Structures are given as structure tokens and as C-alpha cells.
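Trainee:
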Amino acid sequence: MLRKSLLMALATAALAGLPAPGLAQETVKVGLILPMTGPFTSTGKQIAAAARLYMQEHGATVAGKKIELVLKDDTGNAELTKRLAQELVVSEKVRFLAGFGLTPLALAVAPLATEAKVPQIVMAAGTSIITERSPFVVRTSFTVPQSAVVIADWAVKSNVKKVVTLVSDYAPGHDAEKSFKERFTAAGGQIAAELRVPLQNPDFAPFLQRAADAKPDALYVFVPSGAGAIVMKQFLERGLDKSGIRLIGTGDLTDDDILPGFGDAALGIITAHLYATAHPSPKNKAYVAAFSKANPGMRPNFMSVGGYDGMHLIYEALKKTGGKTDGEALVAAMKGLAWESPRGPIAIDPQTRDIVQNIYIRKVERVNGELHNVEFATFEAVKDPVKAAKK
Ligand code: PHB
């Protein structure tokens, strides 16, 4: 009798599309905190779109748990990021904190991740130090120095002898400046000037004038995703392209999200980075097609893969723990995971919890009428050079 009524209840629930009584599927919430408005909206939109795409492709259930994304807009403000993270942990009981579009936003949450023992998946921010601020931080984006040392090596090999560096004046910019300088000068290169531009409302014009006056072979630039367009515009307005100064940088400068708007002046710019929309693997071709179909008018940039791979990390960790959401067990499960991303092969370094990935050298070219970063050389399995040097 008891058996029969249970079966009936199960059948009714199944017909109604509801979880069966007593077998109710537990929901695991992922707090996704991103700048969805303000100057860094493009980062937020790219990551949110990629995280949703991953869930569409892989289903919302993993290891018997239903995954629910709880998206919050931090507008790029660190105080707000911290408050949202607290609310998500305390009220929503999220089992993962994810996102973090800028370094100060990731740093603001690290102490909370430690205290609450909740894994903090950094999907965007790129300063080396972030993973050292909490044993619960695991990164699927990049470190800025990974790209900075590779473009420095390229410059040395390409007969670039004198460089002016121009970076956004905050932590990842300082990383970009230091890593490039150390690598470039160790090989005999000369830094003629080191210029730092404010992060908020930057006016590059006076800095570009100083760069031009120093007459370098190349101007090396780091600006965060989305800010490259202003640098390019002012570089051209000053006629620096005509004075024979090459523009080089980390790939944040020629961000695929905004590159189509640069015009022909961008042709030939050389950068080093972890991902290009034009990366020629079958996995990436499928990713770009699915992303563009789900988000008409958008093409995926390097921020998007941090979101996509961050969701993969969460899914795989839950599979390994058999659906258990203990924070320490989840981080342990993440260490050493390796898989093929749309960007190429990647892994989580078990010692540092930071990402190990290929860095590609790319040149801006027209492909089927559109501007793209076309990869022409690969540095394989690059670890964060800053942490590697500390050992
Ligand atoms: C950062 O704030 O760490 C950051 C943001 C955007 C980038 C790179 C680094 O493109």
C-alpha cells in the first residue's frame, strides 16, 4: 500500500514535471558577480553569456545537483562587490562565488572566501597576487604577466631595442609594466620611459605625446579589456603610427569584442594573449558559432572563455566530490584538473591554483572582411611567471 502510494506520488510529480517528493533535487547556487553596467560592462556581458552557454550545452544538473546561477551587478565597484558576496553567502547560501571583472573586485572578496570556506572562481581579473590572497581562490582567466613576458620575448627577437611602456595605473598595469621590463632589459632591451595612466576616465593624449618624444622603436601598452579603443583613437590622432613607432601589447589592447570598430589603422598590431576569436581549433569554431548564435551581434573575447571554463571547473569539481559542496573538498578536486578549452589546452596548477595555458602571438588582420587577431606562434603551457620566479 505504502509502496503503491509512493509510486503514484512519483508518477504524478513526474507528469507535472516536479521533483519527486522525498527525492527533491538539491540546488547548488553559484553567485556570479560581474560589472553588468558602467565602464567594464563588456567584461560582465561576455562572462555572463559564456556561463549561460556552458549550462545550455551541458544541462543544469550535475552529480545529482541542480545548478542555479545568481547574477549580481557590481558596476565595477569593490565595496559593492564585497557586500554582494556577503549577501550571497549569508542569505542565498551560494556554494561558489564567481566572476570578478577587475583585480580590486577579486581582492575585496578573498578574505570572505577564506572565512566562509567558499571557492572563489576568478573568471576575469589578472593580477598575479590574487590567488595568494586566499586558499579558496582558483583562477580560470589569466595572469597579465603570462602575456607580458611572451610579447617581451617577441620584441627582443624582432629587433625592437627601445620601448616606452604605457599602462593603466592599478595592480594589473603594474604587473604588466614590471614583467615586460624585467624580461626585455634582461635580454639587453632599453626602456626609455614608463608611463602610467589613470584607470578611470583616462586621457592618453599627454602620455602619447611623451611617448612620441622619446622616439622608441615600439610603444608597449596594457589597458584592461574594453579600454583599447580610446588608446588606438588617440594614438592615430597624434599620428604616432606615421612616425614609425610600432604599437605592441598584451592582447587586452586588441580585445576581440571591440576590435571590429578599430578600422584599418589596427592592421599589423602585434600582441600576445591566451585567446583569439579566430583561434583555429574545431572546439573553438563550435564555441564561436554557438556563442554568436545565442548572442546575436556579439563575438566571444578572452574574457568569455574565463567564464565558460569557470563553469566547467565548477561542474567537474562537483562530479569529483559526488555532489558534495564542502568548500575544501571542492578546491582539492579542482587542483590539477586539465581540459581542452576553446582557447586550447589548459590546466589548474595544483600548487598555485592558477591557470596554466598557451600564450599565442597574434597579428591584427582582416579575415572574411572582419578584423581579427590571427595567431602565428604558440608558447605552450605557460605558468604565471611571477609565481614561478618566487620559487
Ligand atoms: C584586472 O583588473 O585584473 C584586469 C581587467 C581587464 C583586463 C586585464 C586585467 O583585460
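Mapping the sequence shown onto the working numbering, position 27 (from 1) lands on 27, and the numbers just tick up by one.
A virtual CB, placed ideally from N, CA and C, is assigned to each residue, including glycine.
All values derive from a computational prediction rather than experimental measurement.
My assumption, with CB atoms under 8 Å, is that residue 31 sits in contact with residue 96. Please give the rounded CB distance.
Mentor: Between residue 96 and residue 31 the Cβ distance is about 7 Å, and since that is below 8 Å, they are a contact.
Trainee: Is any heavy atom in the ligand PHB found nearer than 7 Å to the beta carbon of residue 80?
Mentor: Not so, every heavy atom of the ligand PHB lies at least 7 Å from the Cβ.
Trainee: Any heavy atom of the ligand PHB within a distance shorter than 7 Å of the CB on residue 195?
Mentor: It does not: the Cβ of residue 195 is nowhere closer than 7 Å to a heavy atom of the ligand PHB.
Trainee: What's the C-alpha gap between residue 344 and residue 379?
Mentor: Approximately 11 Å between the Cα atoms of the pair.
Trainee: What does DSSP give as the partner residues of residue 218 in its beta bridges?
Mentor: DSSP lists 163, 246 as partners of residue 218.
Trainee: Do the region 252-263 and the region 271-283 meet, that is, are 3 or more Cβ pairs less than 8 Å apart?
Mentor: Taking 8 Å as the limit for Cβ pairs, the verdict is that the region 271-283 does touch the region 252-263.
Trainee: If you drop the 5 nearest sequence neighbours on each side, which residues of the same chain put their C-beta closer than 8 Å to that of residue 353?
Mentor: Excluding positions up to five away in sequence, the list reads 131, 135, 137, 138, 139, 331, 334, 335.
Trainee: Would residue 25 and residue 64 be called neighbours here (beta carbons separated by less than 8 Å)?
Mentor: The answer is yes: Cβ separation under 8 Å.
Trainee: Taking 7 Å as the cut-off, is the beta-carbon of residue 172 closer than that to any non-hydrogen atom of the ligand PHB?
Mentor: Yes - the ligand PHB has a heavy atom lying nearer than 7 Å to the Cβ of residue 172.
Trainee: At 3 residues or longer, what runs of the beta strand (DSSP E) sit wholly inside the region 252-308?
Mentor: Counting whole runs of 3 or more residues, the region 252-308 contains the beta strand (DSSP E) stretches 270-273.
Trainee: For the region 138-202, list the beta strand (DSSP E) runs that are entirely contained and at least 3 residues long, ordered along the chain.
Mentor: DSSP runs (the beta strand (DSSP E)) wholly in the region 138-202: 162-168, 190-197.
Trainee: Could you check what DSSP says for residue 341 in three-state terms: helix, strand or coil?
Mentor: Three-state result, residue 341: strand.
Trainee: Within 8 Å, do at least three Cβ pairs link the region 278-290 to the region 74-85?
Mentor: No, the region 74-85 does not touch the region 278-290.
Trainee: Exposed or buried, which one is residue 283 when buried takes at least 16 other CB atoms within 10 Å?
Mentor: Exposed.
Trainee: Using a threshold of 8 Å, state whether the C-beta atoms of residue 371 and residue 259 are closer than that.
Mentor: Yes.
Trainee: CB-CB under 8 Å to residue 374, same chain, minus the five flanking residues each way: which ones, in chain order?
Mentor: Answer for residue 374: 276, 278, 362, 363, 364, 365, 367, listed in chain order.
Trainee: Leaving out five residues on either side along the sequence, give the residues of the same chain with a beta carbon under 7 Å from the beta carbon of residue 216.
Mentor: Around residue 216: 162, 163, 164, 192, 245.
Trainee: So for residue 357, helix, strand or coil by DSSP?
Mentor: In this structure, residue 357 counts as strand in the three-state DSSP scheme.
Trainee: Can you give me the C-alpha to C-alpha distance between residue 22 and residue 66, rounded to a whole angstrom?
Mentor: Unreliable positioning characterises residue 22 in this predicted model, as indicated by a pLDDT of 48, which lies under 50. The coordinate reading is nonetheless provided below. Looking at the two C-alpha atoms, the distance is approximately 15 Å.
Trainee: DSSP three-state label for residue 364, please.
Mentor: In this structure, residue 364 counts as strand in the three-state DSSP scheme.
Trainee: Can you tell which of 360, 390, 387 has the C-alpha that lies nearest to the C-alpha of residue 150?
Mentor: Residue 360 is the option with its Cα nearest to residue 150.
Trainee: What is the DSSP secondary structure of residue 392, counted as helix, strand or coil?
Mentor: Look at the range of the chain in this structure, 1 to 391, and you will see that residue 392 is not part of it.
Trainee: For residue 325, which residues from the same chain have a beta carbon less than 7 Å from its beta carbon, with the 5 sequence-adjacent residues on both sides left out?
Mentor: Taken in chain order, the residues that qualify are 28, 95.
Trainee: Touch check for the region 216-226 and the region 175-193: three-plus C-beta pairs under 8 Å?
Mentor: Touching, yes, given that three or more Cβ pairs across the two stretches are closer than 8 Å.
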